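Read in order, the letters of the sequence shown correspond to residues 0 to 292 in numbering that gives the first Met the number 0.
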Amino acid sequence: MAEEGHQHVVQAGNDIEYVSADSNTKELQHKKDDQHVVQAKNDIEYAPADSNPKELRHKKADQHVVQAKNDIEFASADSNIAKELQHKKAEQHVVQAENDVESGSRTRSKELQHKKRMRRLYYVAAFAVLQTVVILVLALTIMRIKTPKFRIRSITIDELSISSSNSNNDGPSINMKFEAEIGVKNTNFGHFKFEGSSINFMYGGTQVGDALVHKGRVKARSTKKIHVTAEVGTTNWNVASHIESGSLTLTSQAKMSGTVHLMKLVEKKRSAEMNCTITVDLEEKVVRDLNCK
């Protein structure tokens, strides 16, 4: 559009130059009219010397004068009309050129606005994609609630007594008192609030003791250590073989129920279970092996 406007400006300049050239042509016409006047004067001066009657000569001279005046008036009127037409045409070309320039400016302005709108759309789309990625990451990591882990970390035997038989002849017996350290591991980004539970100790499928775990709270992504005391006692003829071998194997079972609180917005109930195998050295009165699942 800007190039078209420039072409119209050039056209307007050419029109103005054409008017100037036309004016030069009209000057030639005026010179020709002046020649008619001179010819008329010569006719008047030549009339006395002519053999024709004087009246005819004067009429001829008068005709030349009239013709000259008509030519001058016609040339002047024609020149003015031509100039006006050419000026109007030149003005039209200038106006058209200005319109083309304005139209080109509007077109460029629209293109810039379109580019700005597209840039904004790109930014909005990129922000939406980023938000989606963040939400997915939160959903897969932070917002994903896992079940806490509940394990016996260690056992310290305080008392251990072995009896070969009792008065009722029920067989040998083993009585033991120990302190156990329990660990509750919470890997969530919210705290875990658990209820009170009980750890049952078994020998040969029979419960021989227990330990109470009071309710509590575990912080986000941390492990809480709990110390409990348990007493275990068994009277059974099968114990004799363990006494002879010098080792006793016990098992423990427990279930801890609670709720995971995530950012004060989400609450999910979770239950952690524990199964441990404990091997006790009866001679050294220590735990040789502790394996929990």
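All C-beta atoms in this analysis are idealised placements derived from N, C-alpha and C, irrespective of residue type, glycine included.
Model, not experiment: these values are computed from the prediction.
Review point. Counting along the chain, where does the alpha helix (DSSP H) carrying residue 260 start and finish?
Key: Run containing residue 260: none in the alpha helix (DSSP H); it sits in the beta strand (DSSP E), 246–261.
Check your understanding: When DSSP labels each residue in this structure, what does residue 134 get in the three-state scheme?
Key -> helix
Review point. Under the rule that 16 or more other beta-carbon atoms within 10 Å means buried, what is residue 195, buried or exposed?
Key: exposed
Review point. Quick one: is residue 208 buried, meaning 16 or more other Cβ sit within 10 Å of its Cβ, or exposed?
Key: buried
**Study point:** Rounded C-alpha distance that separates residue 246 from residue 286
**Key:** 9 Å
Check your understanding: From which residue to which residue does the beta strand (DSSP E) around residue 229 run?
Key -> 221–234
Point to revise | CA-to-CA distance, residue 283 to residue 149, given in whole angstroms | key: 28 Å
Review point. So is residue 204 buried or exposed if we call it buried at 16+ other beta carbons inside 10 Å?
Key: exposed
Exercise for review: Report the residue from 197, 292 and 277 whose alpha carbon sits nearest the alpha carbon of residue 156.
Suggested key: 277
Point to revise | Neighbourhood of residue 268 by C-beta, 6 Å cutoff - its chain only, sequence neighbours within 5 removed | key: 258
Check your understanding: Contact between the stretch 214–222 and the stretch 233–243: three or more CB pairs below 8 Å?
Key -> no
Exercise for review: Determine the DSSP secondary structure at residue 103, reduced to helix, strand or coil.
Suggested key: helix
Practice item. Can you give me the Cβ contacts of residue 280 inside the same chain, cut-off strictly under 7 Å, excluding the 5 residues immediately before and after it? Key: 245, 246 and 287
Exercise for review: Excluding the 5 residues preceding and the 5 following residue 153 in the sequence, name in chain order all residues of the same chain whose CB lies nearer than 6 Å to its CB.
Suggested key: 180
Point to revise | Close-in-space but distant-in-sequence residues of the same chain around residue 160 (CB under 7 Å, 5 per side omitted) | key: 174
**Study point:** Coarse secondary structure for residue 69, derived from DSSP in three states
**Key:** helix
Check your understanding: Applying the criterion that 16 or more other CB atoms from any shown protein chain within 10 Å of the CB defines a buried residue, is residue 138 buried or exposed?
Key -> exposed
**Study point:** residue 126 - DSSP class collapsed to helix/strand/coil
**Key:** helix
Check your understanding: Below 8 Å between beta carbons: does that hold for residue 238 and residue 172?
Key -> yes
Check your understanding: At which residues does the beta strand (DSSP E) containing residue 159 begin and terminate?
Key -> 148–162
Check your understanding: DSSP three-state call for residue 285: helix, strand or coil?
Key -> strand
Check your understanding: Helix or strand or just coil, what does DSSP make of residue 143?
Key -> coil
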